[in-house]
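The numbering of the sequence shown is UniProt numbering, which starts it at 1 and goes up by one.
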Amino acid sequence: MDLSVIVASGLAVITIGFVIALYNGIIGGYNRAQRAWADVLTYERQKTKVLDALQQQVASYQDYEQRVMTDITRLRSAIAALPAEADGNALVNAEKATKALMSGLRIAVEAYPDLKASEVMNNLMREIAEQQENVGAAVVIFNREVEGFNNSIQMFPGSLVNSTMNKKNAITPFSDAEAEKGFDYKPNF
């Protein structure tokens, strides 16, 4: 066999192996981003268990706390509306509803000493705060996975492999525009 045929065959095998590795890397990145989104959904939905208990507790103070009940319902609806497909924008409503609920609970506890004295109420508030911390951590992981996936389909040569073979779309990471308003620092991109 001629040396040029052997070299050409070797280069073809290496190129095919490289394309396969890129293709599999894109699929793996997409799957990691989807799994990270599923973790976010899991933590958000775990809050509903705590919300059930909180709703029962607050119901006894319903005359005073109609707003808190409305916020609980709004948060449940926002969590139930989260899509199965990864989408950072979809989390905005759940995060706003959580902030509204936590704000309402703080006001209620300060305004009504009987609520503050309730150990059950304090435990439930602590549990919601803990669940929110879990959501925050899961969102950080989700955004990291989204960044890795998006880079893999947008940077060359992965963009070439994606446009011809995978045809995956970029995933939107979660961002909190309301929190960004509170920062004075703006990176000079």
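Don't be surprised by glycine CBs; every beta carbon is placed ideally from N, CA and C.
Alpha carbon to alpha carbon, how far is residue j from residue i? Give it in angstroms, no decimals.
i      : j      : result
Ala90  : Ala177 : 13 angstroms
Gln46  : Leu124 : 13 angstroms
Val58  : Val92  : 25 angstroms
Ala8   : Ser175 : 48 angstroms
Ala80  : Glu44  : 9 angstroms
Leu105 : Glu145 : 33 angstroms
Using three-state DSSP, classify residue i as helix, strand or coil.
i      : result
Ile141 : helix
Ala94  : helix
Asn169 : coil
Met125 : helix
Ser175 : coil
Gly88  : helix
Is it buried or exposed for residue i, if we count other Cβ within 10 angstroms and need 16 for buried?
i      : result
Ile26  : buried
Leu160 : exposed
Leu11  : exposed
Ile20  : exposed
Glu119 : exposed
Kindly say whether residue i, judged by its beta-carbon, lies nearer than 8 angstroms to any beta-carbon of chain B.
i     : result
Thr42 : Looking at the structure shown, chain B is missing, and only one protein chain is on hand.
Determine the contact status of residue i and residue j, defining contact as a CB-CB distance below 8 angstroms.
i           : j      : result
Ala33       : Arg74  : no
Ala84       : Ala97  : no
Asn143      : Pro173 : yes
residue 190 : Val50  : Residue 190 lies beyond the residue range present for the chain, which begins at 1 and ends at 189; the question has no answer from this structure.
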